[in-house]
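Comments concern the structure below.
Residue numbers (my numbering): 3 to 1047.
Take a look at the structure:
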């Protein structure tokens, strides 16, 4: 779309000599539907230096040029601490974030800043960066150097000479690596290359992957996150560009984005921790409030490709008896594991902190195990859908988050010999938990003994380890979501004790020997328990499914038919003799680092019609029906595993929905009848619907196109859990077909998985819906199905239109809802902060909301331009006391197949505005007739009559006007009749940079109004968008005094 903000003066350099042609984006781009887009970006003054050939060629579209302008303009500003302000690109997939980054680099290159750094999550994306620079016509000027190809520290001068200018491309994991030749740490190498006064561009692509920063202290920060922060601190003059679709919707992932100026010196928040604490006040709209603040500063853009032609469906899949049997047996084994861990912890006399570590590992593995089972439950259905799509001539992309490779590698024989079966990821996960984290495990014992020997004591009060057991031996070259349960444990536990005995200090050799004997006996008993668990897991392993990636590839015809695009280095392949063998993914003429690129080419060329893509490899890649590619068949995206965030899901779907596509894709979400799975699908499906995608209904009643809202589902879960736990009275009956004590049985099942804290005291009750649903995965399938049935019953009850109760979350008041007329009566206050780098503005508006509609609005928005027989001005057929009514009639929609009688019309009146319920023409013509149908009506001036009714309805009720009725019920006073009156309400809206002053504003309001609930409102007034806080009248003066200081 052509962006009206990109006016000619913004690129008017040498306009008289070189004509500029700014082209539209090749696909429809929309602003994301949020309140942040009610805030306009500031005016631009930056003049681009990009050559006319780059602009005229269409290599950069209007919206991409707009982003480059705002980014470069933002980089001209400094923060209060002296560092240069940064810019965040939050656009969705397909908008062209790579070209925007390339354009920013090119613009700065032309201005003499010849060095840039580009960070991303995969080495594959280096070639995408080169392509983006090539597409805008500067590849011959700007070379891209892979940081992992630079020479070692013994030739550091040669390194510097050979890359005097250009772009250094690095992955985030490269940032902290050192090679076997002892080269400089990559961070040090980059700092040396940049020099002390570096003012070039640094692009942090997909920077939400650096969201593990522990902002409360430095001891627990991850190395990558520390390196990202250190690089920015060491290069305060660098021009930082953050690229992340998910950052604003997941505020905790913004910790590394220090150059946005949202916290730090001269802000209300001294650090990111305080900033994040303030964000929690906004609940579900937190991301919108942050985005609104950044848009006002001109430091953020957020747009998406339209999903208008995209379709999606949520497919419920029934569980096969074999799967249900293995699932239910798994729940029994996990219950036995839990009891055994509890017994061993008591036997070993573990301290509270040590038990907390143990149970953290346990429940992490528990959650991951059942998530893996859920993925495996969808494989058979996914294979069927993919095969059918290929037969129809379509191409299939199967998306998932993880590959399970870490567990597969644990099972591969050292000699590489063949195995009888594929490796079961779920089985290996259970074995890993018991082998590494059971209280009697060899790993823990060796670490404890090593600590004892170092201290020279035996049986002391506390022995600590400095390294978590089970840490992976080899670092990965790419960031990936494929993690074991070990890798998601908070690093604050790594220095915790392994054993915590409560004995007094040892003061004699006899006591030493007694303590040692006691410890040995306990270890032997715990080892017996451990051995029994390993045998049970082996027995269960015969029922557990194989790794889903290997199973998918095998059942879809093998590697000859399936392109694998993932972070895996190898895979298990079934040979002709029935045995399976591990093979590297690299090929004779294609090394591992290029294999994903080669597989993408095969899919885009049509050599392979099915691609399996992991989350780690999906970022930034193109698998859509590109008009430039040989394979232009429609893409069917089957989601085998959804991420937790709708933004991350859209980013992954973006590989099949991009600009310049011949056919729009279809997305299919497979949902087994298990807890948590439906909620994840709802989050993404509702977001797709907001962006214009069409819902293909296979689950709801015929004719319905609406899914329940995620908030409704969450409310139902919370209410149902309160009923089950006896904290609320039941609102719906238990499922009619349930045999037994429903509440008693469900409570017992929930207790077994630690939701009701009477089994494992150290496990807290899940306070959030996702946590509850994740834990419920550990109860038998039939109990889950019954529980979900009860959730749906509660949802139907609490979401009744007549119910107004909602759970504690902030909502948005839409003042122009239902096309109400709004007018700005006054701007009471306009304040500009004295901050030198960001002159934040705050406005206090007085807004009048009119339930009626004046003639100007009616004529501009609702009166048809071409007068048709059934649309336009209608007058009442008969006049009462010489008076006539006037309305405007507009056609709205066709329902139930589109028969002639099903055409509906909207009625607009002067006194009540747009009527909410449409009417049929037959209903309207009972009392009204079109102005053009009778000659005598044509003489009546519509504007005069409309204004008359509009003004009269302000003070005169319908009875007084039409019937001249003067009864006590229609006289002015307490019982004054309100029927037909045009209501006008006045609101005070505090708009602008309210996010930064939220706590102070809330304190002032609640001082006078203790029960006042903070309310965000939005309104469209005279084509201007306003969003802000609703202010009560009795604290207006206090707020003005505070803001004018």
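In this text, a Cβ means the ideal position worked out from N, Cα and C, and glycines have one as well.
Checklist entry - Roughly how many angstroms lie between the CA atoms of residue 403 and residue 566, to the nearest whole one? => result 13 Å
Item to check | Residue nearest to residue 539 in terms of C-alpha spacing, selected from 921, 851, 335 | outcome: 335
Checklist entry - So, do the segment 253 to 266 and the segment 274 to 281 have three or more beta carbon pairs nearer to each other than 8 Å? => result yes
Next on the checklist: So, at 6 Å on beta carbons, what are the nonlocal neighbours of residue 236 in its own chain, with the 5 sequence-adjacent residues on each side left out?
Outcome noted: 193
Next on the checklist: Give me the residue from 685, 731, 729 with the minimum Cα distance to residue 715.
Outcome noted: 685
Checklist entry - If you draw a straight line from the alpha carbon of residue 498 to that of residue 554, how long is it in whole angstroms? => result Because residue 498 carries a pLDDT of 33, less than 50, the predicted location of this residue cannot be relied on, and no value is offered for it.
Checklist entry - Between which two residues does the alpha helix (DSSP H) harbouring residue 129 extend? => result 127 to 137
Item to check | CB of residue 169 within 8 Å of CB of residue 131, strictly | outcome: yes
Next on the checklist: Can you give me the C-alpha to C-alpha distance between residue 223 and residue 231, rounded to a whole angstrom?
Outcome noted: Note that residue 223 has pLDDT 46, beneath the 50 cutoff, so the model's placement of it is unreliable and the number below is only indicative. Taking the straight line joining both Cα atoms gives about 11 Å.
Checklist entry - Roughly how many angstroms separate the alpha carbons of residue 289 and residue 73, rounded to a whole number? => result 20 Å
Checklist entry - Residue range of the beta strand (DSSP E) that residue 1046 falls in? => result Run containing residue 1046: none; DSSP gives neither H nor E here.
Next on the checklist: Can you tell me whether residue 1030 is buried or exposed? The criterion is at least 16 other CB atoms within 10 Å of its CB, across all chains shown.
Outcome noted: buried
Checklist entry - According to the Cβ coordinates, are residue 573 and residue 551 closer than 8 Å? => result yes
Checklist entry - Looking at residue 367 and residue 433, is the spacing between their C-beta atoms short of 8 Å? => result no
Checklist entry - Among the residues of its own chain, which have a CB less than 8 Å from the CB of residue 917, if the five just before and after it don't count? => result 908, 909, 910, 911
Checklist entry - So, using beta-carbon positions, are residue 319 and residue 380 closer together than 8 Å? => result yes
Next on the checklist: Just to confirm, is the Cβ distance from residue 587 to residue 602 under 8 Å?
Outcome noted: no
Item to check | DSSP state of residue 848 mapped onto helix, strand, coil | outcome: strand
Next on the checklist: Is the beta carbon of residue 287 closer than 8 Å to that of residue 814?
Outcome noted: yes
Checklist entry - Roughly how many whole angstroms lie between the Cα atoms of residue 599 and residue 667? => result 22 Å
Item to check | Minimum C-alpha distance to residue 679 - residue among 772, 383, 345, 143 | outcome: 772
Next on the checklist: Tell me the DSSP secondary structure of residue 48 in three-state form.
Outcome noted: coil
Next on the checklist: Could you tell me the alpha carbon to alpha carbon distance between residue 956 and residue 950, rounded to whole angstroms?
Outcome noted: 10 Å
Next on the checklist: Is the separation between the beta-carbon of residue 655 and that of residue 671 shorter than 8 Å?
Outcome noted: no
Next on the checklist: Output needed for residue 14: all residues of its chain with C-beta closer than 6 Å, excluding positions within five of it in sequence on either side, in chain order.
Outcome noted: Confidence is the limiting factor: at residue 14 the pLDDT is only 35, short of 50, which leaves the residue's position unreliable and the question unanswerable from this model.
Checklist entry - residue 608: buried (16+ other C-beta within 10 angstroms of its C-beta) or exposed? => result exposed
Checklist entry - Just the Cα atoms here: how many angstroms apart are residue 354 and residue 292? => result 39 Å
Checklist entry - On the premise that residue 733 lies in contact with residue 1, defined as a C-beta separation below 8 Å, what is that separation, rounded to the nearest angstrom? => result The structure shown does not extend to residue 1, since the chain is modelled only from 3 to 1047, so the question has no answer here.
Next on the checklist: Please classify residue 477 as buried or exposed, where buried requires at least 16 neighbouring CB atoms within 10 angstroms.
Outcome noted: With a pLDDT of only 38 at residue 477, under the threshold of 50, the placement of this residue in the model should not be trusted; the figure read from the coordinates follows. Exposed: under 16 other Cβ atoms inside 10 Å.
Item to check | Residue burial classification, residue 418 (beta-carbon count within 10 angstroms, cutoff 16) | outcome: exposed
Item to check | Cβ distance (whole Å) where residue 117 is taken to contact residue 196 below 8 Å | outcome: 6 Å
Checklist entry - What residue from 995, 1038, 421, 688 has the CA that sits closest to residue 270's CA? => result 995
Next on the checklist: On the criterion of 16 or more Cβ atoms from any shown chain inside 10 Å, does residue 987 qualify as buried, or is it exposed?
Outcome noted: exposed
Checklist entry - Hey, would you say residue 661 sits closer than 8 Å to residue 147, going by beta carbons? => result no
Item to check | CA-to-CA distance, residue 408 to residue 415, given in whole angstroms | outcome: 14 Å
Checklist entry - Is residue 103 near residue 177, with beta carbons less than 8 Å apart? => result no
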